[in-house]
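Read through the structure below, which is laid out as structure tokens, and then see the notes.
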Amino acid sequence: MTPAIASQSSRDGRIVLVAEGVDKRYGGTHALRGVTIAFRAGEIHAIVGENGAGKSTLTRVLTGATGVDAGHIQVDGAAHELRTPLDGQRLGIRMVHQHDTLVPNLSVTENVLLGHLPRAPRTGWIDWRAAHGLAAALFGQLGWPELDVRQRTGALSAAQRQIVEIAKAISIEPRVLILDEPTATLAHQDIERLFAFVRRLRDRGTAVIYISHHLDEIFELAERVTVLRDGALVGTLPTAQTDKAGLIRMMVGRAIEDLFPQRAPPAPGHRLSVHGLARTGAFADVSFDVGAGEIVGMYGLVGSGRSEIARCIFGADLATAGTITWRDKPFAARSPKQALGEGIALLTEDRLGDGLVRGMSIRDNASLASMAAISRWGVLRKNLQRGRVEEQVRRLAIRPPDIERNVAALSGGNQQKVVLAKWLLTDAKLLILDEPTRGVDIAAKRDIYDVIGRLADSGIAVLLISSDLPEVLGMSDRILVMREGRLVGRFGRAEASEERLLASASGLH
Amino acid sequence: QQAPKRDATIGIVTLQMRAPYFVAMVRALEAEGAKRGFKTVVADGGGDAAKVSSDIEDLLARGVDGLIMNISPLESLPGPMAAIKKAGKPVVLVNRKLTGGEYDAWVGVDNRVIGTGVGEVIAKHMGGKGVLMMMRGGPEDNSTGNARRDGVLSKVKDTGIQLLMAPEFGKWTEDGGIRVMEDMLAKHKQINVVFCENDSMCLGAQKAIADAKRTGEISVVGFDGQKSAIEQIVMGTNYIGSGQNSPSVIARIGVERMAALLAGQKVEKDTITPVVVITKENAASLLDPNSPF
Amino acid sequence: MTASDRPAETAAPKDSRALFSARTLGIELTWRELIPVLCFFLLLTVAATFTDAFFTERNIGNLLRQIVANGLISLGMLIVILTGGIDLSVGSVVALGGVLFAGVADRLGIPAALAAAVTAGTLAGLINGTIISRFRLQPFIVTLATMGIIRGVVFIYTESPLSPRHESFRDLGAALVGPVSMGLLIMLACYLAASFFLNRTATGRATVAIGGNVEAVRLAGVNVPRTITIAYGLSGMLSALAGAILVSRLGIAQPSLGAAYELDAIAACVIGGAVLGGGSGSVLGTLFGVFTLGIINNLMNLLGVKSFYQELVKGAVIILAVLLVARGRKS
Amino acid sequence: MTASDRPAETAAPKDSRALFSARTLGIELTWRELIPVLCFFLLLTVAATFTDAFFTERNIGNLLRQIVANGLISLGMLIVILTGGIDLSVGSVVALGGVLFAGVADRLGIPAALAAAVTAGTLAGLINGTIISRFRLQPFIVTLATMGIIRGVVFIYTESPLSPRHESFRDLGAALVGPVSMGLLIMLACYLAASFFLNRTATGRATVAIGGNVEAVRLAGVNVPRTITIAYGLSGMLSALAGAILVSRLGIAQPSLGAAYELDAIAACVIGGAVLGGGSGSVLGTLFGVFTLGIINNLMNLLGVKSFYQELVKGAVIILAVLLVARGRKS
Ligand SMILES: Nc1ncnc2c1ncn2[C@@H]1O[C@H](COP(=O)(O)OP(=O)(O)OP(=O)(O)O)[C@@H](O)[C@H]1O
Ligand SMILES: Nc1ncnc2c1ncn2[C@@H]1O[C@H](COP(=O)(O)OP(=O)(O)OP(=O)(O)O)[C@@H](O)[C@H]1O
Ligand SMILES: [Mg+2]
Ligand SMILES: [Mg+2]
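Chains as they are written, first to last, in the numbering used here: chain A, 1 to 509; chain W, 1001 to 1293; chain Y, 2001 to 2331; chain E, 3001 to 3331.
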């Protein structure tokens, strides 16, 4: 219950947590193959690997969320059998999950202190005043003092929810803190704040396990890095002794050059024109064009309103002002169905929330948005469907390549690829991609960039919304920058640079 | 009290409006009431004793001049009856008498006595041998059904007739009757007569027997004198009898009693309608094609 | 039963499991479907051991006729449950279909009567679906309300039982086609059709997907309100059909028919592996749920279990069944 | 109710409004609670306009007595709904409580009878909760099964109605304390206690949280099975208490008492803004849902709405009410 800052232990480098010879199978999938790895107090230890390499599975094993088939976990030199996440927590192993674990109908305070809300000493009743104070202090130490702890968690943005997750994990001083892709939904400045906090935690002696597909972050933050491939440990080494190319070679087994494809110049054709578009409370006065064969990047900090614009064009939400012209005709979609009918597709950013139907197969999920095209008189043509889905599975290297597999059993990155496959199968003429490579590994990213590039070359208009700066810079013909619901910058490919985009997005011209 | 008020309002409380018998009773009471110039308000208890109690309170609050209640198979209702007494309104019970007796008048059949009559018909038909199956309506606390069954039993006990009790309740409906009968037919090779605690179940049982092609060997006997049942008896099918529990007869006397009570007259407390056992001999004369029941 | 047990012999092996299933998963699904089947055979064995009367032609014939109504209602309920909904109004729609079938039969003949019943039931279902999907209200409360409304309408249509004199009135429910009843054949045809609908049509797949993640389905360009409305329409249609068959079998249409039928239908779906709230459930599983419930009732009568112990035993068997299904799912 | 309306700090952010609420929202919650209140006053106004008999002391007294049973059952149902569950066995538990209260009263006196009833009800609820939470079965099917089982037990206890002769047997339901009935006071006390439980105790907060995201609660180290079991235990306790009060009011304990009571209880919760599946619902809202339903019934009797139209009107009013609540929630 004591806030994280309270104790001040030193960085002694002692080994606190060891996974020894850990083996884990899910049915036919060998998710971990005899992995042995040690984590030290006061050290940030990164884990990298391709999608499905077993990173999340390893964290699940370390926290007790899943049992092991072979091998064991040692905490402070003693072997422990972790059966439930609670077992891990009691030993001080806390985790920030890749997905949301918040209770939407409760306040931030309650989510953070869930299970150990402060009670009034005599009565034993919950002391709400103390609780709010405690939570506020926690966010102060985290570096987010502005967050209102009395808000309902369900009303928070994805970024804010991520911060609450972190606050929850550290509400009890952790001995080991595991962060599974914590920056996927965070903006640039927020990442900086998070890093500052993680370093402080490390300095006080916490062992931090950090998982990310952003290799730059690994080199900025971690002292050591472990690479997993196909569930097996490739190696652990100090970050100072390697570089990005070296890590990629370890992860993928080969070098990846030319992450971004060479592109043909855009050809004239249909285009999307947006004029003075607005939606109350989200964005206002937004005007831009996307032409056939063009990739227009849209950059901005989290919450700048990019996703909202995409949803309005797609008819998922309704704009309150402005006009849209599409293929030389005025266009105002009132539903996604209508937009799809006009050849507009939107890949949304929240794959679990509104991307995938968990419980259904890759086949069903991938063809969900194109069922009309593969059915005759309302009856699905199964062979056609299988052929089309299998082609996408190959193209995007979805693993395992079994189209009858339930998407809930896929790793995060592979789930993202299934969502992408769904939209690629719609034969849209305008493809709006909102964070298309979130959680995707570098090799797969390259495949996806390749696909997007070829689509554009074939005359499709692409609006690429991303918080990944290199991605926006590498892929876009033109770049738009959003800040606080306004379009504040337009850059050509030549004039754009990381510094200029960042400055524009954060208002530091 | 004063002279009879011609525009008096009578509250009709019915335990439920789902079963045909109850609907017929309410309609008969309304018709009899209208004949005498009474206004009537109906409250439907939905089969729930507590709702009946609320209905009574509501009708009293509404200011009705008297209550006629058909709340069979409830056995007693001390709370609400006390409330009626406290409000000083006359209450006439039809069909079901309540134990405890704070009512002003009751009109109904004696289920046990009629059951005895029905039992005689059955005993005569069977000639002291064979298997008599009995189907109950349920639930266990339904004393109307129990009285009917006891009446029948009193005449077949100590004879050579074997008794066969259906384990499941027929729930007083045709579909319940057909289901229970089907299972009984599958299990039991010999059944000669089936007695059901009401005609609805019996009509269902008759269908099941016909489907099993055992109409020739099994006769059925019901209770209530439902129109469809009397028709069967008239036609001379294997439906050989029923006990009369006529809503129209009961309603006529019931409203008569209420009118007298409103006029301040003393009335007979308990009125048992004549015992009528319906068989082929008298069925034609008892058939009223316009009856809703 | 036998014919429809192995319908997909021609299709690829992976598909044959899924023809009757509402999900196209792998192992997990097979387990879910297998366990109810096992329960079912367990029950059969118990039946055969304890009473000779069970495996007689007559009794099996009864059983196959008794399950038809619940079979049809449960099928409609399953479709609704797959969307994440529930339909409490089925019992009232059974009565609606029943009284219309009986009411129209004498005047316009059996086909017209059946058409009237099914049309009215479908309409009632479509109204349910429209209210639920357009106003985004909770299915439980909406269908609870329409349960009362439809029942009121039925009683306003007729407050006393109808018994038509049309000579072939009882054919639909009672006539035999070869060894089985017409009603059973209709029911099995509906199961085949529903399984085809859920697995092979675009609307059917959308129905299943909605229960998993409605927002994803909406964003995929599916007309969600329309899909949900169709699901409730089908439920209404099947319930009214059940009502017509039931009334035909009884030869009389009581306006009070069908009370509490929704509970048995939901129980059949859940015993068959369906999850209330959507995202899981299969046609084949539901069929076995229906058989399981039918056999429990039949068996208790054959064994002569006393009436109030019947409720007790039935409750215990239901818990046991879902426990087995749940265990099966985990493994 | 007044003193506790404004505690210094509650679960809900910056507001004293939320004492009766099970959620810790801001504005949204207030709306949800306000709309039922508005519906309620609308109904009252209609009542007052159309009939003089409504606003009489006698009628208000009746109404306040009539709502007690559904009020208590709905409160228990709300707690269960908040966990994402449902309790269909309440009607049978009402009967259980009722027959035990009547059965024990003559032999051991009223306090012992009440204790027996409440203990048995609590036990029944705890068994429900244990089965549901330990085996992770769906609440709908488990409580559907125990509904039958408990009803069976009630009939085994007594096949025929019990009417005790104890002189103060009718006090619990009928005696007046000042202007209001004892039963109403008990009910209001339970509402206060429940609201306190849900907002100020760790178990209560866990109850609310489980309906929002059970996995998160589990990860937070809360004993989820225990919390769920307690919720069902409370539901059983309150239902048995309702049964005792009801039986005391009627003066007789029928073993068939309480059939279909679960539907009215669920309807009251939903009208009051609760969402089946958990995550939303409030004590104050439920209270108003209970009043709304009570007034609908009372009013239809006062207005003399014809019986079959009553079901129709009640259904329509329920849809209207949830529509209003849903509109309110959106704005
Ligand atoms: N519940 C499950 N059932 C079956 N297979 C699973 C399950 N969870 C994970 N897997 C499989 O285990 C393997 C490892 O998955 P894991 O989630 O650990 O990958 P990851 O390294 O975290 O990938 P990503 O970067 O995409 O998040 C994958 O092949 C995945 O499909
Ligand atoms: N779930 C939510 N509930 C309430 N407000 C939200 C939610 N998500 C975003 N917002 C708010 O809506 C506005 C626009 O957010 P939007 O998601 O469009 O931004 P974005 O630039 O796409 O950022 P992100 O990377 O978070 O998607 C912001 O003010 C944000 O705070
Ligand atoms: Mg992962
Ligand atoms: Mg976004």
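The beta carbon of each residue, even a glycine, is placed where N, CA and C say it ideally should be. Just so you know, these numbers come straight off a predicted model, no measurement behind them.
_Against chain A, which members of the segment 2260 to 2287 of chain Y pass a CB distance test of less than 8 Å?_
GLY2279, SER2280
*Note down, in chain order, all residues in the segment 355 to 379 of chain A with a beta-carbon under 7 Å from any beta-carbon belonging to chain Y.*
Here the close residues are GLY355, LEU356, VAL357, ARG358, GLY359, MET360, SER361, ARG363, ASP364, LEU368, ALA369, MET371, ALA372, SER375, GLY378, VAL379.
*asked:* Can you tell me where the beta strand (DSSP E) holding MET2300(Y) begins and where it ends?
replied: Taken as a continuous stretch (DSSP letters only), MET2300(Y) belongs to no beta strand (DSSP E), being part of the alpha helix (DSSP H) at 2283 to 2303.
*Mind checking GLU2311(Y): buried by the 16 CB within 10 Å criterion, or exposed?*
buried
_GLY3221(E) at chain A interface by Cβ criterion, 8 Å_ = yes
*Quick one: is ILE3081(E) near chain Y, going by C-beta distance under 8 Å?*
no
*Compile a chain-ordered list of the residues in the segment 1227 to 1254 of chain W whose CB is closer than 7 Å to at least one CB of chain Y.*
SER1228
*Could you tell me which residues DSSP puts in a beta bridge with ASN1070(W)?*
According to DSSP, which records beta bridges pairwise, ASN1070(W) is partnered with THR1014(W).
*Just by C-beta distance, which residues in the segment 1186 to 1204 of chain W are closer than 7 Å to chain Y?*
ALA1186, LYS1187, LEU1203, GLY1204
*Taking C-beta to C-beta, are VAL462(A) and LEU508(A) nearer than 8 Å?*
By the CB criterion at 8 Å, VAL462(A) and LEU508(A) fall outside the cutoff.
*Between the segment 3122 to 3154 of chain E and chain Y, which residues of the former have CB atoms less than 9 Å from a CB of the latter, in chain order?*
Of all residues in the segment 3122 to 3154 of chain E, ILE3131, PHE3135, ARG3136, LEU3137, GLN3138, PRO3139, PHE3140, ILE3141, VAL3142, LEU3144, ALA3145, THR3146, MET3147, GLY3148, ILE3149, ILE3150, ARG3151, GLY3152, VAL3153, VAL3154 have a Cβ within less than 9 Å of some Cβ in chain Y.
*Mind checking whether ILE1056(W) and PRO1080(W) have CB atoms under 8 Å apart?*
yes
*State yes or no: is the beta carbon of ASP1147(W) nearer than 8 Å to at least one beta carbon in chain E?*
According to the sequence provided, residue 1147(W) is Ala. The question's Asp does not apply to it. By this cut-off, ALA1147(W) is not an interface position.
*ASP1058(W) beta carbon less than 8 Å from that of ASN3062(E)*: Between ASN3062(E) and ASP1058(W), the gap from beta carbon to beta carbon is short of 8 Å.
*Amino acids of chain Y, ordered along the chain, whose beta-carbon sits closer than 7 Å to that of ASP1211(W)*: ALA2174
*Hey, could you find the ends of the alpha helix (DSSP H) LYS417(A) is sitting in?*
412 to 424
*State yes or no: is the beta carbon of ARG1062(W) nearer than 8 Å to at least one beta carbon in chain E?*
yes
*Which residues in the same chain as VAL1113(W) place their Cβ atom closer than 7 Å to its Cβ, once the five residues preceding and following it in sequence are excluded?*
GLY1151, VAL1275
*What first and last residue would you give for the alpha helix (DSSP H) that runs through PRO238(A)?*
Taken as a continuous stretch (DSSP letters only), PRO238(A) belongs to no alpha helix (DSSP H), being part of the beta strand (DSSP E) at 232 to 238.
*asked:* Any heavy atom of ligand 3 inside 7 Å of the beta-carbon of GLY412(A)?
replied: Flag set: Cβ of GLY412(A) near ligand 3.
*Within the 8 Å Cβ cut-off, does GLY2251(Y) reach chain W?*
Closer than 8 Å to some Cβ of chain W, the Cβ of GLY2251(Y) qualifies, so yes.
_Cβ-heavy atom distance, LYS429(A) to ligand 1, below 7 Å_ = no
*C-alpha gap between ALA2268(Y) and THR2203(Y), whole angstroms*: 24 Å
_Under 8 Å between C-beta atoms of GLY49(A) and MET251(A)_ = Yes, the Cβ-Cβ distance between GLY49(A) and MET251(A) is below 8 Å.
_Rounded straight-line distance, which links the Cα of PHE2140(Y) to that of ALA3022(E)_ = Because the pLDDT of ALA3022(E) is 35, which lies under 50, any placement of that residue in the model is unreliable, and the question is left without a value.
*Grab me the residues of ILE2027(Y)'s own chain with a C-beta within less than 8 Å of its C-beta, minus the 5 sequence neighbours each way, in chain order.*
Caution is warranted here: a pLDDT of 36 is assigned to ILE2027(Y), below 50, making its placement in the model unreliable, and no coordinate value can be reported.
_Other residues of its chain near LEU3082(E): CB distance less than 7 Å, five sequence neighbours each side excluded_ = Exclusion of the five residues before and after LEU3082(E) leaves ALA3022, THR3207, VAL3208, GLY3211, GLY3278, GLY3281 as the residues of its chain whose Cβ lies within less than 7 Å of its Cβ.
_Which residues of the segment 3055 to 3086 of chain E have a Cβ closer than 7 Å to any Cβ of chain W? Give them in chain order._
Listed by position along the chain: THR3056, ARG3058, ASN3059, ASN3062, GLN3066, ALA3069.
_Among the candidates VAL108(A), ILE172(A), GLY143(A), whose CA atom is the shortest distance from the CA of SER524(A)?_
Residue 524(A) is absent from the structure shown; chain A starts at 1 and stops at 509.
*Would you mind working out which of LEU3064(E), LEU3043(E), PHE3308(E) sits nearest LEU3185(E), comparing C-alpha positions?*
LEU3064(E)
*Using the beta-carbon of each residue, which ones in chain A are nearer than 7 Å to THR2203(Y)?*
Chain A residues near THR2203(Y): GLY378.
_Tell me which residue opens and which closes the beta strand (DSSP E) that VAL1042(W) is part of._
1039 to 1044
_So with CB distances below 7 Å, who are the chain E contacts of GLY1047(W)?_
ALA3259
*asked:* Does TRP326(A) pass the burial test, meaning 16 or more other C-beta atoms within 10 Å, or should it be called exposed?
replied: buried
*Is any heavy atom in ligand 3 found nearer than 7 Å to the beta carbon of SER212(A)?*
no
_CB of ARG388(A) within 8 Å of CB of SER367(A), strictly_ = yes
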